[in-house]
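See structure below.
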Amino acid sequence: MQQDLLHRYTFDQLDVRGELVQIEQAYNEMIANHNYPAPVQALLGELLVATCLLTATLKFEGDIAVQLQGDGPVKYAVINGDHQQNMRGIARLQSEVTGSTIQDLIGNGVMVLTITPTKGERYQGIVPLEHDTLAACLEAYFTQSEQLQTRLWFATDTTAGHAKAAGLLLQVLPVNKEKSITDFTHLEALSNTIKDEELLELDAATVLTRLYHEDNPRVYEPQAIQFKCGCSREKTITALVNIGQQALLDDVIENGEVKISCHYCLKDYIFNEQDVKSIFN
Numbered sequence: 007m008q009q010d011l012l013h014r015y016t017f018d019q020l021d022v023r024g025e026l027v028q029i030e031q032a033y034n035e036m037i038a039n040h041n042y043p044a045p046v047q048a049l050l051g052e053l054l055v056a057t058c059l060l061t062a063t064l065k066f067e068g069d070i071a072v073q074l075q076g077d078g079p080v081k082y083a084v085i086n087g088d089h090q091q092n093m094r095g096i097a098r099l100q101s102e103v104t105g106s107t108i109q110d111l112i113g114n115g116v117m118v119l120t121i122t123p124t125k126g127e128r129y130q131g132i133v134p135l136e137h138d139t140l141a142a143c144l145e146a147y148f149t150q151s152e153q154l155q156t157r158l159w160f161a162t163d164t165t166a167g168h169a170k171a172a173g174l175l176l177q178v179l180p181v182n183k184e185k186s187i188t189d190f191t192h193l194e195a196l197s198n199t200i201k202d203e204e205l206l207e208l209d210a211a212t213v214l215t216r217l218y219h220e221d222n223p224r225v226y227e228p229q230a231i232q233f234k235c236g237c238s239r240e241k242t243i244t245a246l247v248n249i250g251q252q253a254l255l256d257d258v259i260e261n262g263e264v265k266i267s268c269h270y271c272l273k274d275y276i277f278n279e280q281d282v283k284s285i286f287n
């Protein structure tokens with residue numbers, strides 16, 4: 007089974023589009039060594055799936071950030087990505103996690119969706135987290151902001167020590183409104199029969215055949231998803247310049263070196279006294 011793929015599909019006779027995403031390697035690379043509690047791992051898995059689906063749905067070229075923030079145990083969780091499905095993510099905790107719903111984890115909070123296109127103006131949307139699941143919150147976003155009826159199904163599994171995440175999206179096409187709603191209702195009923203283990207374990211062709219075998223979905227070339235942090239020594243140097251040479255040299259005297267760790271991939275960048283002087287020379 008091929009994992010870490012986004013599949014887009016349409017129906018020749020129905021005014022509805024869909025997406026199916028299944029992620030394993032990129033998800034595991036994202037959460038590796040962070041020691042997140044299981045509910046936080048699951049939340050990041052759903053947020054990763056959501057970001058991949060949103061990137062494909064909103065049709066832009068550039069960067070996307072989907073962040074959850076609130077007053078709950080999880081101060082914030084964010085996925086950063088782009089239209090090429092390069093993804094990274096992180097969560098920050100501020101108290102003990104005792105539940106698993108989005109309210110249990112985020113508390114009173116919002117979802118902030120930020121799109122920075124390669125060309126054009128930056129867009130930011132803020133969605134209140136008023137529902138029990140991330141999927142329901144996103145469905146409300148599409149209804150209110152895009153005015154397109156949308157359904158989402160998410161599944162995650164972190165129990166076997168090797169995490170998996172998957173998601174399914176259905177969305178009406180703004181063609182013939184009355185026909186679109188009828189088509190959507192039909193496909194929504196079929197999609198509601200999907201089980202989490204099927205989304206996570208079966209290959210995409212099998213999932214789509216089981217759900218829509220009478221409706222003959224047209225499936226397009228899949229897009230690969232990968233974890234890509236984007237940090238580098240050069241970017242770290244840019245950040246060090248803002249700190250100032252003397253402060254860095256004081257750190258070297260106290261600790262023997264300056265160590266900067268990437269919050270996303272946890273890679274360490276080490277600078278000694280000569281490195282610091284070279285930066286400012």
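Numbering (this note's numbering), first residue to last: 7 to 287.
The beta carbon of each residue, even a glycine, is placed where N, CA and C say it ideally should be.
No experiment lies behind these values; they were computed from the predicted model shown.
Short of 7 Å in beta carbon distance, which residues of its chain neighbour Asp257, apart from the five on each side in sequence? Order them along the chain.
Counting from 1 along the sequence shown, the entry for residue 257 is found at position 251. Contacts found: Val264.
Please list the terminal residues of the continuous beta strand (DSSP E) segment that includes Ile121.
Translated into the one-based positions of the sequence shown, residue 121 becomes position 115. 115-123 is the extent of the beta strand (DSSP E) around Ile121.
Can you check whether the CB of Glu102 is closer than 8 Å to the CB of Pro79?
Residue numbering aside, residue 79 sits at position 73 when the sequence shown is read from its first letter. Residue numbering aside, residue 102 sits at position 96 when the sequence shown is read from its first letter. Yes; because the gap between Cβ atoms is below 8 Å, this pair is in contact.
Are the CB atoms of Gln90 and Leu12 nearer to each other than 8 Å?
Here residue 90 corresponds to residue number 84 of the sequence shown, with the count starting at 1. Here residue 12 corresponds to residue number 6 of the sequence shown, with the count starting at 1. With respect to the 8 Å criterion, Gln90 and Leu12 are not classified as neighbours on the basis of their beta carbons.
If I measure Cβ to Cβ from Ile108 and keep anything under 8 Å in the same chain, skipping five residues before and after, which residues do I get?
Residue numbering aside, residue 108 sits at position 102 when the sequence shown is read from its first letter. Cβ neighbours of Ile108 beyond the five flanking positions: Leu49, Leu74, Leu135, His137, Asp138, Thr139, Leu140, Cys143.
Runs of 3 residues minimum, wholly inside the segment 196-280: which ones carry the beta strand (DSSP E) assignment?
For the segment 196-280, whole beta strand (DSSP E) runs of length 3 or above, ordered along the chain, are 223-225, 264-267, 274-277.
Whole-angstrom distance between Leu59 and Gln19, CA atom to CA atom
The sequence position of residue 19 within the sequence shown is 13, counting from 1. The sequence position of residue 59 within the sequence shown is 53, counting from 1. Rounded to whole angstroms, Gln19 to Leu59 spans 23 Å at the Cα level.
Please classify Lys185: does DSSP put it in a helix, a strand, or coil?
What you label residue 185 is simply residue 179 of the sequence shown in a count that begins at 1. In the three-state reduction of the DSSP assignment, Lys185 falls in the helix class, which pools H, G and I.
Mapping DSSP to helix, strand and coil, what is Val103?
Locating residue 103 in the sequence shown gives position 97, counting from the first residue. Val103: coil per DSSP, three-state reduction.
According to DSSP, what are the bridge partners of Lys170?
The residue labelled residue 170 in the question sits at position 164 within the sequence shown. The beta-bridge partner set that DSSP reports for Lys170 consists of Asp163.
Residues sharing a beta bridge with Asp69, DSSP
Taking the first residue of the sequence shown as 1, we reach residue 69 at position 63. Listed as beta-bridge partners of Asp69 by DSSP are Asp88, Thr122.
Just tell me which of Thr244, Arg23, Glu25, Asp10 has its CA closest to the CA of Glu35.
Within the sequence shown, numbered from 1, the residue matching residue 35 stands at position 29. When only C-alpha atoms are compared, the closest one is Asp10.
Taking Cys235 as the reference, which of Ile266, Leu272, Glu227 has the closest Cα?
Within the sequence shown, residue 235 is the residue found at index 229, counting from 1. Closest by alpha carbon: Leu272.
Please state if the CB of Val22 and the CB of Asp189 are separated by a distance shorter than 8 Å.
Locating residue 189 in the sequence shown gives position 183, counting from the first residue. Locating residue 22 in the sequence shown gives position 16, counting from the first residue. Closer than 8 Å, so yes.
Assuming Val213 and Leu26 make a contact with CB atoms under 8 Å, what is their CB distance in whole Å?
Start at 1 with the first residue of the sequence shown, and residue 213 comes out as number 207. Start at 1 with the first residue of the sequence shown, and residue 26 comes out as number 20. At roughly 6 Å, the Cβ-Cβ gap stays under 8 Å, so Val213 and Leu26 are in contact.
Report the option in Gly105, Leu99, Gly68 whose CA atom is closest to the CA atom of Glu127.
Here residue 127 is taken as the residue at index 121 of the sequence shown, counted from 1. Closest by alpha carbon: Gly68.
Return helix, strand or coil for Ala83, following the three-state DSSP convention.
Taking the sequence shown and counting its residues from 1, the one referred to as residue 83 is at position 77. Strand.
What does the alpha-carbon distance come out to for the pair Gln252 and Tyr270?
If you number the sequence shown from 1, residue 252 lands on position 246. If you number the sequence shown from 1, residue 270 lands on position 264. Cα to Cα, Gln252 sits roughly 28 Å from Tyr270.
What first and last residue would you give for the beta strand (DSSP E) that runs through Pro134?
As a working mapping, residue 134 is identified with position 128 in the sequence shown. Counting along the chain, the unbroken beta strand (DSSP E) around Pro134 starts and ends at 129-134.
Minimum C-alpha distance to Tyr226 - residue among Phe233, Glu220, Ala210
Taking the sequence shown and counting its residues from 1, the one referred to as residue 226 is at position 220. Considering only alpha carbons, the answer is Ala210.
Boundaries (first-last residue) of the alpha helix (DSSP H) holding Tyr33:
Taking the first residue of the sequence shown as 1, we reach residue 33 at position 27. It spans 31-37 - the alpha helix (DSSP H) in which Tyr33 sits, taken as one unbroken run.
Between which two residues does the alpha helix (DSSP H) harbouring Tyr147 extend?
The residue given as residue 147 occupies position 141 in the sequence shown. Run containing Tyr147: 140-147, per the alpha helix (DSSP H) assignment.
According to DSSP, is Asp10 part of a helix, a strand, or is it coil?
Against the sequence shown, residue 10 aligns to sequence position 4. Looking at Asp10 - three-state DSSP - the assignment turns out to be coil, as it is neither helix nor strand.
Apart from the five residues just before and just after Thr120, which ones in its own chain have a Cβ nearer than 6 Å to its Cβ?
Within the sequence shown, numbered from 1, the residue matching residue 120 stands at position 114. The answer, listed in chain order, is Ala71, Gln130.
For Val22, the residue or residues it bridges with in DSSP:
As a first step, residue 22 is located in the sequence shown; it is residue number 16 there, counting from the start. Answer is Val178.
Using only the alpha-carbon positions, how far apart do Gly115 and Ala83 sit?
Here residue 115 refers to the residue found at position 109 of the sequence shown. Here residue 83 refers to the residue found at position 77 of the sequence shown. If I take the Cα positions, the gap works out to 11 Å.
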